[in-house]
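The block underneath contains the structure these notes are about, expressed in structure tokens.
Residue numbers (my numbering): 14 to 386.
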């Protein structure tokens with residue numbers, strides 16, 4: 014394994030959400046370490062544009078949505094033309110099944126799948142039999158996902174945990190909280206609670222909105238920013254109005270300036286009920302924000318209870334309200350937790366650490382394949 018490896022990354026997302034950012038961090042880190050990366054993605058996606066801007070090699074395919082079987086064809090074509098050492102499939106959508114099938118039919122040397130969600134594997138008895146033939150190794154982005162895979166019957170030797178990361182350089186040189194608020198038009202006296210995520214049932218924003226009336230009784234100056242788009246946006250907005258807190262809950266939609274919004278905030282609330290590992294909690298830590306999160310999925314692997322934030326029983330609106338109000342009323346505790354969160358992110362969730370973890374898997378799988386196992 015003295016020569017550099019060539020990796021074909023397959024990422025099917027349209028927007029530059031957490032998983033797509035991980036692919037960019039990984040591809041850039043691999044290039045810096047003497048390996049080559051090619052990103053295969055939807056040609057009108059945000060990652061396609063961003064990869065090109067960063068000087069990474071990228072191949073675009075023209076389909077998205079319900080045409081996932083065609084992704085397999087484009088993976089097949091890319092494998093034949095690029096001849097990578099590793100095909101790394103990053104999306105659970107068309108990539109993990111159709112992409113792996115295309116890679117296998119093109120006689121890819123090795124196939125690795127990253128598992129970023131903690132749903133149980135599709136509940137049919139042939140699920141692992143299918144994955145066993147389609148891929149050589151599964152990278153779980155959290156210990157929680159590893160447990161889900163083990164429960165589904167995946168052998169432990171075929172799983173490696175490599176946690177997702179955040180790029181600390183994205184959060185360097187941010188303005189002060191006061192300046193960030195001035196730019197965003199946020200009152201300087203407000204206690205700002207932010208939630209960032211796709212607006213869908215499993216992200217649980219409804220629990221935060223239901224907690225808002227109780228929080229406002231304790232902290233009248235609290236202001237709640239909901240960042241993200243999704244199918245529940247109108248329903249969540251109606252819920253806020255129904256509860257009489259529409260004026261204190263602001264829906265900001267999809268934003269590219271999340272670091273600036275975090276810099277303007279006092280606290281991140283993360284209410285996901287299912288989550289591989291919450292990248293936004295890492296981003297909050299990078300800014301020095303404490304986090305209140307549900308004790309679900311991979312959140313406890315990022316948020317250390319009473320040290321970098323507070324963990325609450327999933328779905329517990331009263332407990333969520335108490336935790337948020339407690340931290341909003343105690344600036345010293347917020348500051349201490351924020352400092353601890355930043356140090357933890359630097360030590361445990363750096364992009365460099367994530368890249369090295371993936372390289373170790375690549376080398377192991379490539380060597381395993383060379384020996385014909």
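Built from N, CA and C at the ideal position, the CB exists for glycine as well.
As the structure is a computational prediction, the values presented were derived from the model and not from experiment.
Item, Value
"I think residue 164 touches residue 174, with their Cβ atoms under 8 Å apart; what is that distance to the nearest whole Å?", "Going by Cβ atoms, the distance from residue 164 to residue 174 rounds to 15 Å, so no, they are not a contact pair."
"Please classify residue 293: does DSSP put it in a helix, a strand, or coil?", "helix"
"State the CB to CB distance for the pair residue 60 and residue 29, rounded to an integer number of angstroms; the pair is presumed to be in contact (CB under 8 Å).", "6 Å"
"State the DSSP-derived secondary structure class of residue 242, mapped to helix, strand or coil.", "coil"
"For the region 65 to 91, list the beta strand (DSSP E) runs that are entirely contained and at least 3 residues long, ordered along the chain.", "70 to 74"
"In angstroms with no decimal places, state the Cα-to-Cα distance between residue 381 and residue 49.", "20 Å"
"Counting only the same chain and skipping the five closest in sequence on each side, list residues whose C-beta sits under 6 Å from that of residue 35.", "177"
"Given a cut-off of 8 Å, decide if residue 187 and residue 222 are closer than it, judged by their beta-carbon atoms.", "no"
"With distances taken Cα to Cα, identify the nearest neighbour of residue 422 among 368, 331, 315.", "There is no way to answer for residue 422, as the model of the chain reaches only from 14 to 386."
"Give me the residue from 333, 116, 192, 102 with the minimum Cα distance to residue 219.", "333"
"Are the CB atoms of residue 289 and residue 322 nearer to each other than 8 Å?", "no"
"Between residue 225 and residue 271, which are expected to be in contact by the criterion C-beta below 8 Å, what is the C-beta distance as a whole number of angstroms?", "About 21 Å separates the two Cβ atoms, so there is no contact after all."
"Please go through the region 170 to 210 and give each complete beta strand (DSSP E) segment of 3 or more residues, from N-terminal end onward.", "172 to 174, 204 to 209"
"Are the CB atoms of residue 263 and residue 238 nearer to each other than 8 Å?", "yes"
"By the 10 Å Cβ neighbour count, where 16 or more other Cβ atoms means buried, how is residue 343 classified, buried or exposed?", "exposed"
"Within the region 244 to 324, note down every full beta strand (DSSP E) run reaching 3 residues or more, in order along the chain.", "262 to 266, 280 to 283, 304 to 307"
"Counting only the same chain and skipping the five closest in sequence on each side, list residues whose C-beta sits under 6 Å from that of residue 256.", "226"
"What three-state label does DSSP hand residue 33 in the structure shown?", "helix"
"Based on Cα-Cα distance, which residue from 65, 88, 66 lies nearest to residue 76?", "88"
"So residue 337 and residue 305 are in contact, right, with Cβ under 8 Å, and what is the actual spacing, rounded?", "5 Å"
"How is the alpha helix (DSSP H) around residue 160 delimited, first residue to last?", "156 to 164"
"Which residues in the same chain as residue 268 place their Cβ atom closer than 7 Å to its Cβ, once the five residues preceding and following it in sequence are excluded?", "240, 274"
"Starting from residue 353, trace the beta strand (DSSP E) both ways and give me its first and last residue.", "That residue, residue 353, is in no beta strand (DSSP E); its alpha helix (DSSP H) goes 344 to 361."
"Please name the residue, chosen from 151, 287, 129, that lies closest to residue 123 on a Cα-to-Cα basis.", "151"
"Taking the alpha helix (DSSP H) that residue 231 falls in, what are its first and last residues?", "218 to 231"
"Throw me the rounded Cβ distance for the residue 38 and residue 277 pair, which I believe falls under 8 Å.", "Not quite, the Cβ-Cβ distance comes to about 24 Å (not below 8 Å), so this is no contact."
"Assign residue 233 to one of two classes, buried (16 or more other C-beta atoms within 10 Å of its C-beta) or exposed (fewer than that).", "exposed"
"With 16 other CB atoms within 10 Å as the buried threshold, where does residue 24 fall?", "buried"
"Does the Cβ of residue 57 have 16 or more other Cβ atoms within 10 Å, making it buried, or fewer, making it exposed?", "exposed"
"Looking at residue 101: is its Cβ nearer than 8 Å to the Cβ of residue 20?", "yes"
"Can you name the start and end residues of the beta strand (DSSP E) that residue 153 belongs to?", "150 to 153"
"Measure the alpha-carbon distance for residue 32 versus residue 341 and round it to whole angstroms.", "31 Å"
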